[in-house]
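Notes follow the structure.
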Amino acid sequence: MRLSRMALRLSGIMRRVGAQDLTTSSLARRRQFAHRGDIGGAATATDVLTKLTVVLLSTVNAVMWYVYTEAPFMAAFWAVIAGTFAVWMKSDAKRR
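Heads up, the sequence shown is in the working numbering, so the first residue is 12 and it goes up one at a time.
And the structure:
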């Protein structure tokens, strides 16, 4: 008997909690917090600097592979990585 009352109490609590989650106030509270990428400022600057660093280091790596080891395949591989990141940066800048 006690277990059935406890189970009924728990199910009632779960129903109330579930109903509270769907109210407009809880939805509004969830919308208050912006995604890190939407905030701008330092987060955006950090992302841009990281992408620029990847492009720069990939370009340097491509040149080093081509000049010092004379391996055109690896040089092309790193050049493709640098180009892909450059295109990604451009498309990401258009979206913002």
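The C-beta atom is built at its ideal place from N, Cα and C for all residues, glycine as well. Predicted, not measured: the structure shown is a model, and the values here were computed from it.
Work out the CA separation of Ser69 and Ala90 for me, nearest whole Å. As a working mapping, residue 90 is identified with position 79 in the sequence shown. As a working mapping, residue 69 is identified with position 58 in the sequence shown. Those two C-alpha atoms are separated by around 7 Å.
Pair within 7 Å by beta-carbon distance, Ala87 and Val66: Numbered from its first residue, the sequence shown carries residue 87 at position 76. Numbered from its first residue, the sequence shown carries residue 66 at position 55. Their beta carbons are not under 7 Å apart, which means Ala87 does not touch Val66 by this criterion.
Relative to the C-alpha of Asn72, which residue among Arg107, Met100, Ala93 and Ala104 is closest? What you label residue 72 is simply residue 61 of the sequence shown in a count that begins at 1. Here the closest residue by C-alpha is Ala93.
Between which two residues does the alpha helix (DSSP H) holding Thr95 run? Residue mapping note: residue 95 aligns to position 84 of the sequence shown, counting from 1. Counting along the chain, the alpha helix (DSSP H) containing Thr95 begins and ends at Pro83 to Arg106.
If you count every other CB in all the chains shown that lies within 10 Å of the CB of Trp99, and 16 or more means buried, which is it? Start at 1 with the first residue of the sequence shown, and residue 99 comes out as number 88. Exposed, by the Cβ-count rule.
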